[in-house]
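Enquirer: Quick note: the sequence shown uses this note's numbering, first residue 224, plus one each step.
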Amino acid sequence: MPISPVLERQTTYPFVRLGEAARRVEARGVTVIDFGTGDPREATDPLIREALVAGLRDRMGYPAAAGLPELRDAVAGWVARRFGAHLDAATEIVPTLGSKEAIFSFAQVVVDLERGKDVVAFTEPGYPVYERGALFAHARPLALPLHEENGFLPDLEAIDDETWSRLAVFWVNYPNNPTGATATLAFYERLAELARAHGFVVASDEAYTELWFEEPPASALQLGDLANVAVFNTLSKRSSMTGYRSGFVAGDAALVGALKAFRPTVGTAPQEFVQRASVVAWGDEAHVERTRALYARKRGIFLDLFERKGLRVTGSEATMYLWLAVPQGETSEGFAERLLDHGVLVTPGSYLGEAGEGYFRLALVPSEEECARAVEILDRVL
Ligand SMILES: Cc1ncc(COP(=O)(O)O)c(C=O)c1O
């Protein structure tokens, strides 16, 4: 039976391996506190849940790929309030089923093998979906390492002219998963300039823009000119709505138009009741402020602990993640195994890309009580 060789070549999603290791430890009777995956465990705000239920109708037809005008208006309103950017809700925004599916399929929308626009660049360590999307689109993936000495930004000078000319899409993700680093507007300006000069698309995955601690991070939506730019955002992290599947792509009207042409075939418009709940979610900041305050409290107790223990926190300016250097002489995986033995599950940086070796990631998703318990354990173990 034929199976796509691209699929057959995929290695196990690292978190599956992590889950298996956790089950082995649990089988020994150890309770595992899971700081692995970034799936928020907070309750979704009641106002949002009520809007979802109220959005159910006797008959729900196929949702249109363009989305409800009310949702596009709600997104445009949020973008204007948060980033001071004024988008045309009719032509510059398209809703997505969370951002993962849109990230995965984006290479299929922009890669042009016939014209030699066949390279998809992304950064590592990072979210694995950019690369997987590139491979299924038969594009050439180009992994660019993120190093601490560059503030976890890709080194644009290291890319040669041949590569620039073949580039179809350049993925960036700030605030960054896993490093928690942020990018300045100047970085987006430079990248957008390069995109227009060399004819590629800047795809900015901004899933974590709302989980910040000191000051709100920049967005590529703040670029005055959105030519060659597509921004992906989502309610998953901002509003603890991973299970709802709701996000959007906004930017260059030609790209949004291409997505509207592509997406009806794939069938990835969010259900209308989810869209109605999303209108409420984008329209409310009070629940987001509470969420940020909660992550800040959890982050605070870990920062205290790591300072006491002399573990070096780096990046970690925003997102729900802390990114730390493992103690000298230990590998990422060895260190994570050592903590897991005591019931604290963290992600080895190496699972997220080669340049992640020497680091580990802690997702601040367990409850405050579990975080306090984990701090007690780590106080003894480290
Ligand atoms: C960097 C990054 N982008 C995108 C996503 C996808 O989020 P969703 O599909 O839930 O919107 C995630 C989820 O963990 C992520 O870490």
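For glycine and all other residues, C-beta sits at the position ideal for the given N, C-alpha and C.
1. Would you mind working out which of F529, Y285, T457 and D311 sits nearest V489, comparing C-alpha positions?
2. Given R355, which residues of its chain have a CB within under 8 Å of its CB, disregarding the five upstream and five downstream residues?
3. Any contact of the stretch 576-592 with the stretch 335-352, i.e. 3+ C-beta pairs under 8 Å?
4. Since R363 sits in a beta bridge, which residues does DSSP pair it with?
5. What does A357 pair with, by DSSP beta-bridge criteria?
6. Please name the residue, chosen from G374, A325 and W435, that lies closest to Y353 on a Cα-to-Cα basis.
7. Measure the C-alpha to C-alpha separation of A308 and G447 and round it to an integer number of angstroms.
8. Quick check on S442 - is its C-beta less than 7 Å from some C-beta in chain D?
9. What separation, rounded to the nearest whole angstrom, lies between the Cα atoms of S469 and A504?
10. So, do the stretch 416-423 and the stretch 355-370 have three or more beta carbon pairs nearer to each other than 8 Å?
11. Give the DSSP-derived three-state secondary structure of I326 in the structure shown.
12. Considering only C-alpha positions, which residue in the set T542, V472 and P377 is nearest to P440?
13. List the residues that DSSP assigns as beta-bridge partners of G470.
14. Got a sec? Which residues, its chain only, sit under 7 Å from G581 by beta carbon, not counting five neighbours each side?
15. Determine, using beta-carbon pairs with one atom in the stretch 303-320 and one in the stretch 475-495, whether at least three such pairs fall under 8 Å.
16. Quick one: what's got a C-beta closer than 6 Å to T606's C-beta in the same chain, skipping five residues either side?
17. Please report the Cβ distance between P364 and V333, rounded to the nearest whole angstrom; I am assuming they are in contact, meaning their Cβ atoms lie under 8 Å.
18. Which first and last residues belong to the beta strand (DSSP E) in which V425 is found?
19. DSSP on F496, reduced to helix/strand/coil?
20. In whole angstroms, what separates the C-alpha of L379 from that of G538?
21. Is G261 near ligand 1, with its Cβ less than 6 Å from a heavy atom?
22. With a CB to CB cut of under 6 Å and the five nearest residues on each side skipped, what residues in its chain are close to G506?
23. Tell me whether I382 sits in a helix, a strand or coil according to DSSP, three-state version.
24. Beta carbon of E323: closer than 6 Å to some heavy atom of ligand 1?
25. Could you please give the first and the last residue of the uninterrupted alpha helix (DSSP H) stretch that includes L601?
26. Taking C-alpha atoms, which residue in T260, T386, T319 and W546 lies nearest to P589?
27. Would A529 pass as a contact of S322 if the rule is Cβ separation under 7 Å?
28. Does the beta-carbon distance from K532 to L585 come in below 7 Å?
29. Is N400 near ligand 1, going by C-beta to nearest heavy atom under 6 Å?
30. Skipping 5 residues on each side, what residues in its chain have a beta carbon closer than 6 Å to that of V598?
31. Check whether the Cβ atoms of L275 and V502 sit closer than 7 Å, and answer yes or no.
32. Compare the beta carbon distance of V317 and K483 with 7 Å and say whether it is the shorter of the two.
33. Flag A406 as yes when its Cβ comes closer than 6 Å to any non-hydrogen atom of ligand 1, and as no otherwise.
34. Tell me the residue span of the alpha helix (DSSP H) that contains F525.
35. Secondary structure at P237, three-state DSSP: helix, strand or coil?
36. Could you work out which residue in P377, M283, F423 and E372 is closest to D335 when comparing CA atoms only?
Expert: Reading from the atomic positions:
1. Position 266 of the sequence shown, counted from the start, is the residue given in the question as residue 489. It is Y285 whose Cα lies nearest to the Cα of V489.
2. On the sequence shown, position 132 is the one that residue 355 refers to. For R355, where only same-chain residues beyond five positions count, the Cβ hits under 8 Å are Q233 and F327.
3. Enough Cβ pairs lie closer than 8 Å, so yes.
4. Position 140 of the sequence shown, counting from 1, holds the residue named residue 363. V342.
5. Locating residue 357 in the sequence shown gives position 134, where the first residue counts as 1. None, per the DSSP bridge assignment.
6. What you label residue 353 is simply residue 130 of the sequence shown in a count that begins at 1. Of the listed residues, the one whose Cα sits closest to Y353 is A325.
7. One-based indexing of the sequence shown puts residue 308 at position 85. One-based indexing of the sequence shown puts residue 447 at position 224. Taking the straight line from one Cα to the other gives about 8 Å.
8. The structure shown contains no chain D, having only a single protein chain.
9. Numbered from 1 along the sequence shown, position 246 holds the residue referred to as residue 469. Numbered from 1 along the sequence shown, position 281 holds the residue referred to as residue 504. The straight-line gap from Cα to Cα measures roughly 10 Å.
10. Taking a cut-off of 8 Å for Cβ pairs, the stretch 416-423 and the stretch 355-370 do not touch, as fewer than three such pairs fall below it.
11. As a working mapping, residue 326 is identified with position 103 in the sequence shown. I326: helix per DSSP, three-state reduction.
12. Here the question's residue 440 lines up with position 217 in the sequence shown. Residue T542 holds the alpha-carbon nearest to the alpha-carbon of P440 among T542, V472 and P377.
13. On the sequence shown, residue 470 is found 247 positions in, with the first residue counted as 1. Paired residue(s): T319 and T457.
14. Position 358 of the sequence shown, counted from the first residue, corresponds to residue 581. Correct list, in chain order: A548, V549, S555 and G572.
15. Yes: the two stretches touch, three or more of their Cβ pairs being nearer than 8 Å.
16. There is simply no residue 606 to check, as the chain begins at 224 and stops at 605 in what is shown.
17. Within the sequence shown, residue 364 is the residue found at index 141, counting from 1. Within the sequence shown, residue 333 is the residue found at index 110, counting from 1. 14 Å between Cβ atoms; not a contact.
18. Residue numbering aside, residue 425 sits at position 202 when the sequence shown is read from its first letter. The continuous beta strand (DSSP E) containing V425 extends over residues V424 to D428.
19. By 1-based counting over the sequence shown, the position of residue 496 is 273. In the displayed model, F496 falls within a helix according to three-state DSSP.
20. By one-based count along the sequence shown, residue 379 stands at place 156. By one-based count along the sequence shown, residue 538 stands at place 315. Straight-line Cα distance between these residues: approximately 19 Å.
21. By one-based count along the sequence shown, residue 261 stands at place 38. Flag set: Cβ of G261 near ligand 1.
22. Stepping through the sequence shown from its first residue, residue 506 is reached at position 283. Same-chain partners within the cutoff: A297.
23. One-based indexing of the sequence shown puts residue 382 at position 159. I382: coil per DSSP, three-state reduction.
24. Residue mapping note: residue 323 aligns to position 100 of the sequence shown, counting from 1. Here residue 323 is Lys; the residue named in the question, Glu, does not match the sequence. True, at least one ligand heavy atom lies under 6 Å from that Cβ.
25. In the sequence shown, counting from the first residue as 1, residue 601 sits at position 378. Its alpha helix (DSSP H) spans residues E591 to V604.
26. As a first step, residue 589 is located in the sequence shown; it is residue number 366 there, counting from the start. Among T260, T386, T319 and W546, the Cα nearest to that of P589 is on T260.
27. One-based indexing of the sequence shown puts residue 529 at position 306. One-based indexing of the sequence shown puts residue 322 at position 99. Here the sequence assigns Phe to residue 529, which means Ala is not the residue at that position. Between F529 and S322, the C-beta gap is not smaller than 7 Å, which leaves the two residues out of contact.
28. Your numbering for residue 532 matches position 309 in the sequence shown. Your numbering for residue 585 matches position 362 in the sequence shown. No, the pair does not count as a contact, with Cβ atoms beyond the cut-off.
29. Numbered from its first residue, the sequence shown carries residue 400 at position 177. Answer for N400: yes, Cβ within range of ligand 1.
30. Position 375 of the sequence shown holds residue 598. Within its own chain, the residues whose Cβ lies closer than 6 Å to the Cβ of V598, once the five positions on either side in sequence are excluded, are I524 and L528, listed in chain order.
31. The residue given as residue 275 occupies position 52 in the sequence shown. The residue given as residue 502 occupies position 279 in the sequence shown. No. Outside cutoff.
32. For the purposes of this step, residue 317 is identified with residue 94 of the sequence shown, where counting begins at 1. For the purposes of this step, residue 483 is identified with residue 260 of the sequence shown, where counting begins at 1. A distance below 7 Å separates the beta carbons of V317 and K483.
33. As a first step, residue 406 must be located in the sequence shown, where it is residue number 183. Flag unset: Cβ of A406 not near ligand 1.
34. As a working note, residue 525 is residue 302 in the sequence shown. Counted as a single uninterrupted DSSP element, the alpha helix (DSSP H) harbouring F525 occupies residues A509 to K532.
35. Stepping through the sequence shown from its first residue, residue 237 is reached at position 14. If DSSP states are grouped into helix, strand and coil, P237 belongs with the helices.
36. Along the sequence shown, read from residue 1 onward, the residue named residue 335 stands at position 112. When each option's Cα is compared against that of D335, the closest is F423.
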